[in-house]
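Structure first, commentary second.
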Amino acid sequence: MTLARTTLRAATRIGVRLTVVAALAVSGTVHAQLYLDGYRSVPTIGVMFLIQGAASIALAVLLLLSPPGGIPVVLRLAAVGVALGALVGFGASRTVGVFGFTEHGLRPAPQAALSVLAELTVLALLTPPLLRALAAGWSARARTAAMRSDAAR
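This is the structure:
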């Protein structure tokens, strides 16, 4: 591998990490702001907004501080889970409702659109490499199991 290709890969990894950190920070900030601006008075939903905000910001900090070699799989899983949970909650609140709470469209504006965009960004950037890492782990386990089975014969 050439130095230029290695440098490009490293720069891409850094760019993805910083974009995910920024997207999680945006999502967390939006949820925390909405909590402070009135959602805290909504039973159950208010606490969910606070937890979503805190989890997103905590993950952003952890990703920023994690080793430079790549985003650890457990942090990828957590970030994807938090983003996916927020999007599912968003969709449910606009269709069937969540604990009796409903919203319509991209309200409150612009927070709803910012949050959805941030969470979609996290999913778009982390899901493909996460699936590759999990598949590689499953393949390695399958090879190990097959080797153990062969050795037992």
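Counting the sequence shown from 1 gives a position; the numbering used here is that position plus 273. Ideal Cβ placement from N, Cα and C applies to all residues, glycine included. These numbers were taken from a predicted model, which means no experiment stands behind them.
Alpha-carbon spacing of residue i relative to residue j, whole angstroms
| i | j | result |
| --- | --- | --- |
| residue 408 | residue 345 | 15 angstroms |
| residue 399 | residue 349 | 6 angstroms |
| residue 410 | residue 314 | 44 angstroms |
Residue i - containing alpha helix (DSSP H), residue span
| i | result |
| --- | --- |
| residue 290 | 276-309 |
| residue 382 | It is not in any alpha helix (DSSP H) - residue 382 carries neither H nor E in the DSSP assignment. |
Beta-carbon proximity list for residue i, same chain, < 7 angstroms, skipping 5 on both sides
| i | result |
| --- | --- |
| residue 318 | 312, 371, 372, 374 |
| residue 337 | 294 |
| residue 365 | 371 |
| residue 387 | 299, 303 |
With 16 other Cβ atoms within 10 Å as the buried cut-off, status of residue i
| i | result |
| --- | --- |
| residue 397 | exposed |
| residue 390 | exposed |
| residue 378 | exposed |
| residue 328 | buried |
Below-8 angstroms beta-carbon distance, residue i vs any chain D residue
| i | result |
| --- | --- |
| residue 397 | The structure shown has no chain D; it contains just one protein chain. |
Residue of the options minimising C-alpha distance to residue i
| i | options | result |
| --- | --- | --- |
| residue 296 | 334, 414, 365 | 334 |
| residue 343 | 291, 413, 381, 414 | 291 |
| residue 332 | 382, 368, 392, 387 | 392 |
| residue 362 | 310, 385, 341, 347 | 385 |
Any non-hydrogen atom of the ligand ATP within 7 angstroms of residue i CB
| i | result |
| --- | --- |
| residue 284 | The ligand ATP is absent from the structure shown, which contains no ligands of any kind. |
Same chain only: Cβ atoms within 8 angstroms of residue i, ignoring 5 sequence neighbours per side
| i | result |
| --- | --- |
| residue 308 | 319, 322, 323, 326 |
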